[in-house]
Structures are given as C-alpha cells and as structure tokens.
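*Asks:*
Protein chains: 2
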Amino acid sequence: MKSPSQPRDRGIPEATVARLPLYLRALHGMAERGVATVSSEDLAVAAGVNSAKLRKDLSHLGSYGTRGVGYEVEYLVYQISRELGLTQDWAVAIVGVGNLGRALANYGGFVSRGFRVAALVDADPEVVGDTIAGLNVEHIDELEAVIKRRGVSIVVLATPAEAAQDVCDRVIDAGVTSILNFAPVVLSVSDGVDVRKVDLSIELQILAFHEQRKAGGPLMAVDGQ
Amino acid sequence: MKSPSQPRDRGIPEATVARLPLYLRALHGMAERGVATVSSEDLAVAAGVNSAKLRKDLSHLGSYGTRGVGYEVEYLVYQISRELGLTQDWAVAIVGVGNLGRALANYGGFVSRGFRVAALVDADPEVVGDTIAGLNVEHIDELEAVIKRRGVSIVVLATPAEAAQDVCDRVIDAGVTSILNFAPVVLSVSDGVDVRKVDLSIELQILAFHEQRKAGGPLMAVDGQ
DNA sequence: GTGACTTTGTGCATCGGTTCACAAAGGGAT
DNA sequence: ATCCCTTTGTGAACCGATGCACAAAGTCAC
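So the sequence lines, in the order shown, correspond to chains V and H. Here our numbering is used: position 212 in the first sequence is 212, and no number is missing along the way. Here our numbering is used: position 209 in the second sequence is 1209, and no number is missing along the way.
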C-alpha cells in the first residue's frame, strides 16, 4: 500500500515540463521590470499560452497563487527554478567543436542560469588544444576522463552524423544520462537515458510543408479553412 | 474507375508532418545503400517509431505500399518529398549573423535538400559586407528589398532577443509567412504565419528536470503544507 | 489456379493534453 | 463584519494522437 497523503504530485506531465522554462523566462523579465505579482492571464499572454493551461500547469507544482491576486513573481521564479533543477549547477560538455559546437560554446544565453559549459571535446587534431570561449578543447580519447573529472551530467552532441551514435554510447557508458543531440540521426539509447533532439533540417521541412500548402499545395486543392 | 493514390484527406495531422522528415532521412539512407523496398517494420525501426504509427502516417499521404511486400523506397522518397514541398527550391534568409547565424550559414546539412541560403542580413556595420559561406552580408535596412529580390519565403531568425520581434514584424510585412526562430522570445504574429522555435536553453532545462529527478530529487523536500 | 504466407491499411479502445466554465477562496471597500 | 469583485484551482467534456489487433490485399511457390 502506498501512502495516500503525498501532498505533491510528483508526476508532472511532460507537456507541462516543456512549458515551465517559458514561464520562467517571462517571470524573469517581469522581475527585472520590478513587477511584484502577476495574474495567470498576464503571465499566460507573456508566455504565449492559454491562461487555463498555465494555471493547470502551475497547479502541478503546488498551490502557489493567491485567489483574487495572482502569483508572487519572485516566489514563483524560485519554485519553478527549483522544480526544474536550476538551483544547482549543471556541468555541460559539448562534443564536436565545428561551426555549431563553437557557436554553442560562445552562446552566452544558454549558460546564463544553472548551466555551465565545463568541457569542449573534439576529434580533429587541428582543433584540439585550441581555446574557445575560454575553454581548452580536449581530445575525444579523453572523453570519459573529462566527463568524470568535471562532473559532467549533460552532454551536447554537435558532431557529424556519423560520429554521433558512437559518442553517444561512450558518454552513456561514462554515466551520462542526459543528451542534447544536434546531429541528424536517431540515437538509440537504453532505458533511463533522456535524449532531446534539435534538428534544423526537420524544422525547415515542417515549415516548407505549411508554406507549400499556403501557396496552393501540390494539387492546387482549394479547400475552405 | 479508381483513384487509389490520391490522398483524399488533405488535412495531415501535425504530428505526422513532424515525422515525415524523419522517414525521409531514413529512406535516403536506404536508397544510398541500394535498398529497393522496405517494410513498415524496418522503416519504423530506422526512424525510431512504432510500425503501426508509421503505417498510419503514410496512409495519410495515400496508399503507397504493397501488401505482402512493403514500400518501394524510391517511390516513397518522392511522395514524401512532394508532400513536404521539397521538390521545389526554398530560398532561406538568415537574419542575424552572430555566432549562431554564422554556424547556420556554414552548416551544410540543412541546405542539402530543397533549401538554399539565399541571403544573410545583419545590423552590425562590422559584419555587413563580409562574405560568409560565399554570401555577402547585407544591411538590415535592406531587409525588405533583399527578401523580395531573392524570393525569400522562409526566414531564420538568429538575432539577439531584443531585435527578434522587430525583425519578425518586418519580414512578415514583406510577405514572409514562415519563420524559424532561434531567439529566446515568444514572437507574436498574426494568423497565417507559421513560427517554429528552436531554443537551446529550454531543451537544457527540460533535461535538467529529468536529470534531477533521476538523481533522487523527488522525495526530500518537505515543506509545511 | 490454389493455398500458404507476408504485410499493409484501419477500426477501435485508450491515453494524454487542452479548453471551458464555475465554485471556492481571498482581498479591499465601506 | 459584510458584501462585492477578482482570480485561482479544478471537474468534466473534448480533441488529437497512439498502439493494438485483425481483415483485406497482395506475393510467391508449386
């Protein structure tokens, strides 16, 4: 039998998790502008979602609002940050320091809160030893050692497609269970490993699909909409 | 009379559209390896999805398989390409030629099929006039003119967050209705404009959430209430 | 041609997520 | 304290997507 009195439902829907960062960003902006409290309606507009959805999302974290008033910005920032695990520091390694990897290393935005680029790794001897964004690029042979030495728990894969699965296997062997994959391949991983994929090509193709349809489609099928 | 291969239902589910590029990539790989036909099961494995889902997805395009045999690779490549609008050439403009914009301009992968980087635009006088990936960087003042001159129909936004909404408004005014946004802001656009968002920071935060949970985070927090 | 075998295409149950709509809860004014 | 007004938190209907399971449709061997 399980205890029925667990106050917080730890099973937060995936769709909600994906929106929390959005709310967090909007809240940060409000905090900077000195806003003290915000209604679900206003926050929803800022985050580009429906207010009922926002309230339901937040209700999964707990009851942090005040009826008739709204949510206290600072408090909500803290609660969401905590829920997302941003109150601790995450060491991120970027593997593959080509155009994209370099851009990611230099991209200040994503390091801002909670995340820290702790290592750069590449296979190309031309690049190994270079300093990029203040970090020494290390050789792929050192991959496992670097991961352990720096306490890396999240790996960003920015390698060519061919190398991605191999690097993926190795970082998982080294204990990493969170991977952000920019390589255009479907990674196969064991259970318990989270992979998120960012694929520019796919995004463009989805846009093209809709664009084509707007332009009249392959058949010039004109349907009411 | 029969009209077998005409996809009757032009309303292809969004979830299906998002997977078609995945199938297409797997099929291209197979075509290169000389595979002539493929079963839904094999293709599903290659694309990392369930085979029933794959069949249902493909059935939205029409009845392009042969029972007892599978799908002809070349034919399916063509049909999916056509559906996605990849049989035509899309001119893409990248606005914002910082680290990321530069990486995108040089990233061969996404130009491969159907897409062509037709223009680079930036506001920084230091960058304007430079040649990147064989293209001249043009000034943001020329934005509308460039879009029209080059027939740009898809814009990639790689500007700082502050500039994104402004550029977005301008490209929409210039007739663009498909935008791929890398800036960490929620763009507000009128109906009929498609915006897709790629946000590194959000992806990392989602990973951190799950990582924290794996690490045993759920239990200890006992707050009063 | 016939029968055995393979694989598609889809009906159906199910599930997760979204949206509506409203009772409950709180603040502020008088 | 009481009433009114605002806003939350959530029950319930709804909607799209998923996955099972199987009949229909085809191939292949003989």
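Note that CB positions come from ideal geometry on N, CA and C, so glycine has one too. Predicted model only: the values in this text are computed from it and were never measured.
Assign H/Asp-1194 to one of three DSSP states: helix, strand, or coil.
*Replies:* Here H/Asp-1194 carries a strand assignment [DSSP, helix/strand/coil].
*Asks:* Quick check on V/Glu-211: buried or exposed, where buried means 16 or more other Cβ atoms within 10 Å of its Cβ?
*Replies:* Around the beta carbon of V/Glu-211, 16 or more other beta carbons lie within 10 angstroms, which makes this residue buried.
*Asks:* I need the DSSP call for H/Pro-1218, collapsed to helix, strand or coil.
*Replies:* Unreliable placement is indicated for H/Pro-1218, whose pLDDT of 46 sits below 50; the coordinate value is still reported in the next sentence. Reduced to three states, the DSSP call for H/Pro-1218 is coil.
*Asks:* Short check: CB of H/Leu-1180 to CB of H/Val-1198, under 8 Å?
*Replies:* yes
*Asks:* Classify H/Gln-1225 as helix, strand or coil using the three-state DSSP reduction.
*Replies:* Residue confidence is low: H/Gln-1225 scores 32 on pLDDT, short of 50, so the model does not pin down where it sits. Its coordinate-derived value is still stated next. Coil at H/Gln-1225, not helix or strand.
*Asks:* Closer than 8 Å by beta-carbon distance: list the chain V residues that pair up with H/Ala-1208, in chain order.
*Replies:* Leu-84, Gly-85, Leu-86, Trp-90, Gly-114, Phe-115, Ile-154, Ser-178, listed in chain order.
*Asks:* Determine the contact status of V/Ala-161 and V/Val-185, defining contact as a CB-CB distance below 8 Å.
*Replies:* yes
*Asks:* In the structure shown, what three-state DSSP assignment does H/Leu-1020 receive?
*Replies:* helix
*Asks:* Check each candidate in V/Ile-80, V/Val-73, V/Gly-70 and name the one with the smallest Cα separation from V/Arg-113.
*Replies:* V/Ile-80
*Asks:* When the distance is taken between beta carbons, is V/Asp-57 closer than 8 Å to V/Gln-87?
*Replies:* For clarity, residue 87 of chain V is Thr in the given sequence; the question names Gln instead. No. Outside cutoff.
*Asks:* Determine, using beta carbons only, whether V/Asp-57 comes closer than 8 Å to chain H.
*Replies:* no
*Asks:* Would you grab the beta carbon distance between H/Leu-1207 and V/Asp-194 for me? Rounded to a whole angstrom, and I think it's under 8 Å.
*Replies:* 6 Å
*Asks:* Taking three-plus beta-carbon pairs below 8 Å as touching, is the region 1061–1070 of chain H in contact with the region 1122–1142 of chain H?
*Replies:* no
*Asks:* Cα-Cα, which of V/Glu-74, V/Ala-18, V/Val-171 is closest to V/Val-38?
*Replies:* Of the candidates V/Glu-74, V/Ala-18, V/Val-171, the one whose C-alpha sits nearest the C-alpha of V/Val-38 is V/Glu-74.
*Asks:* Got a sec, what are the start and stop residues for the beta strand (DSSP E) H/Asn-1050 sits in?
*Replies:* From DSSP, H/Asn-1050 is part of no beta strand (DSSP E); its letter is neither H nor E.
*Asks:* Taking the runs of the alpha helix (DSSP H) that are 4 residues or longer, which of them lie wholly in the region 37–98 of chain V?
*Replies:* 40–47, 51–59, 73–84
*Asks:* Measure the CB-CB distance between V/Ala-91 and V/Arg-150 and report whether it falls below 8 Å.
*Replies:* For the pair V/Ala-91 and V/Arg-150, the CB atoms are nearer than the 8 Å cut-off.
*Asks:* Residues of chain V with a CB under 7 Å from the CB of H/Glu-1203: which are they?
*Replies:* Leu-180, Arg-196, Val-198
*Asks:* Sort V/Thr-177, V/Gly-62, V/Ile-202, V/Leu-200 by Cα distance to V/Gly-192 and report the nearest one.
*Replies:* For the residues V/Thr-177, V/Gly-62, V/Ile-202, V/Leu-200, the minimum Cα distance to V/Gly-192 belongs to V/Thr-177.
*Asks:* By how many angstroms is the C-alpha of V/Val-49 removed from the C-alpha of H/Leu-1120?
*Replies:* Answer to the nearest angstrom: the Cα atoms are 32 Å apart.
*Asks:* Please decide whether V/Lys-214 counts as near chain H, where near means a Cβ-Cβ distance under 8 Å.
*Replies:* yes
*Asks:* In the structure shown, what three-state DSSP assignment does V/Asp-122 receive?
*Replies:* strand
*Asks:* For V/Tyr-107, return the contacting residues in chain H, with the cut-off set at a CB-CB distance below 8 Å.
*Replies:* Asn-1099, Leu-1100, Leu-1200
*Asks:* Any beta-carbon of chain H closer than 8 Å to the one on V/Gly-48?
*Replies:* yes
*Asks:* Could you name the residues of the same chain whose beta carbon sits closer than 6 Å to that of H/Leu-1024, not counting the 5 residues immediately before and after it, in chain order?
*Replies:* Ile-1080
*Asks:* With a threshold of 7 Å on Cβ separation, who are the neighbours of H/Gln-1006 within its own chain once the five nearest residues in sequence on each side are excluded?
*Replies:* Bear in mind that the predicted position of H/Gln-1006 carries a pLDDT of just 45, short of 50, making it too unreliable to give a figure here.
*Asks:* For a cutoff of 8 Å on Cβ pairs, would you count H/Ala-1018 as touching chain V?
*Replies:* yes
*Asks:* Determine whether the Cβ of V/Leu-157 lies closer than 8 Å to any Cβ atom of chain H.
*Replies:* no
*Asks:* Name the residue from H/Gly-1085, H/Ala-1044, H/Leu-1084, H/Ser-1040 whose alpha carbon lies nearest to the alpha carbon of H/Tyr-1064.
*Replies:* H/Ser-1040
*Asks:* Alpha carbon to alpha carbon, what distance is there between V/Ser-59 and V/Val-189?
*Replies:* Cα to Cα, V/Val-189 sits roughly 33 Å from V/Ser-59.
*Asks:* Quick one: what's V/Val-117 bridged to in DSSP?
*Replies:* BP columns for V/Val-117 point to V/Val-92.
*Asks:* My guess is that V/Ile-94 and V/Val-117 are in contact by the Cβ rule of under 8 Å, so how many angstroms apart are they, rounded?
*Replies:* 6 Å
*Asks:* When we look at the beta-carbon of H/Pro-1125 and count the other beta-carbons within 10 Å, is it buried (16 or more) or exposed?
*Replies:* Burial call: exposed.
*Asks:* Between H/Tyr-1107 and V/Asn-99, is the Cβ-Cβ spacing less than 8 Å?
*Replies:* yes
*Asks:* Taking its Cβ as the centre, do 16 or more other Cβ atoms sit within 10 Å of V/Pro-229, making it buried, or is it exposed?
*Replies:* With chain V represented from 1 up to 225, any question about residue 229 of chain V goes unanswered, as that position is not in the structure.
*Asks:* Taking H/Pro-1013 as the query, report the chain V residues whose CB atoms sit under 7 Å from its CB, ordered along the chain.
*Replies:* Chain V residues near H/Pro-1013: none, gap ~12 Å exceeds 7 Å.
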